[in-house]
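Report on one structure; see the data block that follows.
There are 2 protein chains.
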Amino acid sequence: MAAATIKDVAREARVSVASVSRALNGGGGVTAATSARIHAAAERLQYIPHAAARMLITRRTHTVGALLPDLYGEFFSELIRGIDLAARARGLHLLVSSSHGGATEAAAAVRSMQGRVDGLLILSERVDTAFLRANLPKALPVVLLNSAVSGPAFHVINIDNHGGAVAMVRHLLQAGHRSVALIAGPPGNFDASERERGYREAMAKYAPRAALTVVAGDFTEESGYRAGQQLLARTKRPAAVFAANDMMAVGCLAAFKDAGVQVPEDIALAGFDDIPITRYVTPALTTVRVRIADFGRLALERLADVVERPGQETPSADTLGFEIVVRDTCGGNKPEKNS
Amino acid sequence: MAAATIKDVAREARVSVASVSRALNGGGGVTAATSARIHAAAERLQYIPHAAARMLITRRTHTVGALLPDLYGEFFSELIRGIDLAARARGLHLLVSSSHGGATEAAAAVRSMQGRVDGLLILSERVDTAFLRANLPKALPVVLLNSAVSGPAFHVINIDNHGGAVAMVRHLLQAGHRSVALIAGPPGNFDASERERGYREAMAKYAPRAALTVVAGDFTEESGYRAGQQLLARTKRPAAVFAANDMMAVGCLAAFKDAGVQVPEDIALAGFDDIPITRYVTPALTTVRVRIADFGRLALERLADVVERPGQETPSADTLGFEIVVRDTCGGNKPEKNS
DNA sequence: AGTCCGCATGAAAACGTTTACGTTGGCGCC
DNA sequence: GGCGCCAACGTAAACGTTTTCATGCGGACT
Chain A
1 MAAATIKDVA REARVSVASV SRALNGGGGV TAATSARIHA AAERLQYIPH
51 AAARMLITRR THTVGALLPD LYGEFFSELI RGIDLAARAR GLHLLVSSSH
101 GGATEAAAAV RSMQGRVDGL LILSERVDTA FLRANLPKAL PVVLLNSAVS
151 GPAFHVINID NHGGAVAMVR HLLQAGHRSV ALIAGPPGNF DASERERGYR
201 EAMAKYAPRA ALTVVAGDFT EESGYRAGQQ LLARTKRPAA VFAANDMMAV
251 GCLAAFKDAG VQVPEDIALA GFDDIPITRY VTPALTTVRV RIADFGRLAL
301 ERLADVVERP GQETPSADTL GFEIVVRDTC GGNKPEKNS
Chain B
1 MAAATIKDVA REARVSVASV SRALNGGGGV TAATSARIHA AAERLQYIPH
51 AAARMLITRR THTVGALLPD LYGEFFSELI RGIDLAARAR GLHLLVSSSH
101 GGATEAAAAV RSMQGRVDGL LILSERVDTA FLRANLPKAL PVVLLNSAVS
151 GPAFHVINID NHGGAVAMVR HLLQAGHRSV ALIAGPPGNF DASERERGYR
201 EAMAKYAPRA ALTVVAGDFT EESGYRAGQQ LLARTKRPAA VFAANDMMAV
251 GCLAAFKDAG VQVPEDIALA GFDDIPITRY VTPALTTVRV RIADFGRLAL
301 ERLADVVERP GQETPSADTL GFEIVVRDTC GGNKPEKNS
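As given, the protein sequences belong to chains A and B, one line each in that order. Taken in order, the first sequence gives residues 1 to 339; the numbers are from the numbering used here. Taken in order, the second sequence gives residues 1 to 339; the numbers are from the numbering used here.
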């Protein structure tokens, strides 16, 4: 037996399909008696409305899509967790789609989500204003995460990369470290460049005569390890190292350990993100905490708002707060807050 | 302007909608010339077929759903990553739904996925045969992950909990440790009980006179920490500890460290799962590796197979292989393999 | 040269809903 | 007691596809 349709319920309850729809969807216009009869019939037949049919006529899918670059690593798993939590709280389904290498692939992903979602959460480096205009039906609500796109055209939610970097560098300097080196993120990456900007700004402000040291990295643990080796090879070792993300800091820590360099006695170290791993390495890593799950939750809630009253509100750009969490890889002890 | 429909394309190309459908879906029966004209028109109008309409008539959604208990922790993030990878490779969309506390909630989740998915991946303790029969339209393909449900009614893919536990306990014993204690998982949990069964069996076989020591845990880090304390408080400390999962092993390690007990010199330790964190704790954790991402990939591929030819194949029960990965928390050095 | 066949194309039904609109009936009011 | 009104309910259109079936046409075969 195929799944029961609304017609079956109507026949069973001896009413028309319209009444069934009304009774089940709550909008009045049905006697309590008939409504009860209809509900009973629906129950008996195990009736479940066909989602596709409803989408077609309603133009609402009750689903949001999330376009992510990759699902690897704790950052994204936390992010998606936050999104999922908020989505369920709102009664929305979540369609995920990850790993969009090139722009072509991303475009295909966007297109294939067409009509399956009420809105889109996008976190991707490849995506700029031009891309969005070209591939998005402009009616589709979108919220951009951590995106360089700033114009008033789209909703954007960013991590406070700049502020976090400034605060961390300042913290390291105030803890007594003379010089701070940066392990940078991948060139072209928005978060990476913002963090580097923060580093440079903080150095200029709080340690104007100290030398700037920047070694390359790409957010991976391996690149952090290599960067650590490079830093040790220098004639003048920095007193402290600020890695643009935690994974690189972890790699760097391993390089120091392998070289017999003590952290934090010989050299201080700090990261960015506060992924769970930071608590488990020894010594535990000082880092900039961004509440990743909250980040996802916030993004979804903004998107849901936009979906509910379309086009009303003017695009907003929010920035998420951060916290400096002091653990064991740096000298100081002074926790600092900012939101 | 609303999104272009197939009718718009038909008008633009001066053909009927039927021809447009044929040309775009490849089914043949269209002249090369008209097909080109249609494609050109579609391109010009930025035509994207409406997913819901297509689902309605086709009864295929090209989407699979994943029901997970929670998205927290590295196990699930790896799992979902594997699923997503395989789904994209197959051209399928992925609808995730997590955290189904009670059976009622799980039932609601299943029902709400009705008609939005072609098949379901389910990983949940609450779900047993009766539940499935009651809430699933029996036409819907399902693959159960790590489920106690064994009957020939459903497809099941399991981690080799039992085999992994046996191998690890054997390894610890053969490395020279006289006694092995177990930190158990939550009562009622399938994985936990299978691992415990493996522990008991291996102890009976390879160390028949050694005492069995089992302390309670619930798979969380905190419970591992408490279990570690309990073990140290005993008059007879075990020579080695086998935690039923990695997070508890990590917690236990912290308890030992806080008590000044050296690992592995004073006591050996091993976990289960091989989540990424195990590599970063010091000393690095010996554990049973299950390739979680592969687990997800495998599950999705089996589901996709079932979806493609419905009802044909008889339900299968697969078991995923494992590896003992020897790191620094146990004495021995002998890597061991099994698949 | 007439018939038939195959192929490109079009018309229309179907999928399962929601919803605008029309119809019925009962009831109050004058 | 007739008139109109409102609430309850039914009818049918619409959403955008795919697919079956009918139609026409040209060419090959007899």
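Glycine included, C-beta positions come from ideal geometry on N, C-alpha and C.
In this structure the segment 44 to 56 of chain B lies against the segment 111 to 131 of chain A, because at least three pairs of beta carbons, one per stretch, are closer than 8 angstroms. Per DSSP, the unbroken alpha helix (DSSP H) holding B:Asp191 starts and ends at Phe190 to Tyr206. Excluding the 5 residues flanking it on each side, B:Val96 has same chain C-beta neighbours closer than 6 angstroms at Ala66, in chain order. By a beta-carbon distance limit of 8 angstroms, B:Leu269 does not contact B:Leu298. Their separation comes to about 30 angstroms. Of the residues B:Ser124, B:Val290, B:Phe295 and B:Tyr225, the one whose Cα lies closest to the Cα of B:Phe322 is B:Val290. Using a Cβ-Cβ distance cut-off of 8 angstroms, the segment 242 to 256 of chain B and the segment 272 to 292 of chain B are in contact, since at least three pairs of beta carbons, one from each stretch, lie closer than that value. Only exposed fits B:Pro208, as fewer than 16 other CB atoms lie within 10 angstroms of its CB. DSSP, reduced to helix, strand and coil, places A:Glu78 within a helical segment of the structure shown. With a cut-off of 8 angstroms on Cβ pairs, the segment 184 to 203 of chain B is in contact with the segment 212 to 227 of chain B, counting three or more such pairs. With fewer than 16 other CB atoms across the displayed protein chains lying within 10 angstroms of its CB, A:Glu265 is exposed. Contacts with chain B at 8 angstroms (Cβ-Cβ) do not include A:Arg297.
Around the beta carbon of A:Asn25, a 10 Å sphere encloses fewer than 16 other beta carbons of the protein chains shown; the residue is thus reported as exposed. Of all residues in the segment 105 to 138 of chain B, those with a C-beta nearer than 7 angstroms to a C-beta of chain A are Arg111, Gln114, Gly115, Arg116 and Pro137, reading in chain order.
Counting C-beta atoms within 10 angstroms of its own C-beta, B:Glu78 has 16 or more neighbours from the protein chains shown and is therefore classed as buried. At the C-beta level, B:Ile38 and B:Ala3 stay beyond 8 angstroms of one another.
Interface flag for A:Tyr72 against chain B is set, since a Cβ pair is found closer than 8 angstroms.
Short of 7 angstroms from the beta carbon of B:Gly82, and not among the five residues preceding or following it, lie these beta carbons of its own chain, in chain order: Ile292, Ala293, Asp294, Phe295, Gly296 and Arg297. The segment 46 to 121 of chain B is shown to contain whole beta strand (DSSP E) runs of 3 or more residues at 63 to 68 and 93 to 98, in chain order.
With respect to chain A, the C-beta atom of B:Arg291 has no partner C-beta closer than 8 angstroms. Assignment of A:Thr129 by DSSP, reduced to helix, strand and coil, places it in the helix class.
Of all residues in the segment 187 to 205 of chain B, none comes within less than 7 angstroms of chain A when Cβ atoms are compared. In the DSSP secondary-structure assignment, B:Val214 is bridged to B:Leu182. One thing to note: A:Leu172 has its Cβ no nearer than 8 angstroms to the Cβ of A:Ala284. For the pair A:Pro315 and A:Arg302, the Cα-to-Cα distance works out to about 10 angstroms.
Here B:Ala165 really is in contact with B:Gly198; their C-beta atoms are around 3 angstroms apart, less than 8 angstroms. In the displayed model, B:Phe256 falls within a helix according to three-state DSSP. Across the segment 55 to 67 of chain B, CB contacts with chain A closer than 8 angstroms involve Met55, Leu56, Thr61 and Thr63, in sequence order along the chain.
The Cβ-Cβ distance between A:Ala202 and A:Val149 does not fall below 8 angstroms. Distance from the CA atom of A:Gln229 to the CA atom of A:Val250, rounded to whole angstroms, is 13 angstroms.
Here B:Asp274 is not bridged, per DSSP, to any residue. Near chain B, meaning a CB-to-CB distance below 8 angstroms, the residues of the segment 257 to 280 of chain A are Pro276, Ile277 and Tyr280. Any Cβ of chain B closer than 8 angstroms to the Cβ of A:Ser21 would place that residue at the interface, and such an atom is absent. By the 16-neighbour rule on beta-carbons within 10 angstroms, B:Pro152 is exposed. A:Gly176 counts as exposed, since fewer than 16 other beta carbons sit within 10 angstroms of its beta carbon.
Within chain B, Gln114, Gly115 and Arg116 have C-beta atoms less than 7 angstroms from the C-beta of A:Ala51, given in sequence order. Excluding its 5 nearest sequence neighbours in each direction, B:Glu125 has C-beta neighbours in its own chain below 8 angstroms: Pro69, Gly188, Asn189 and Phe190, listed in chain order.
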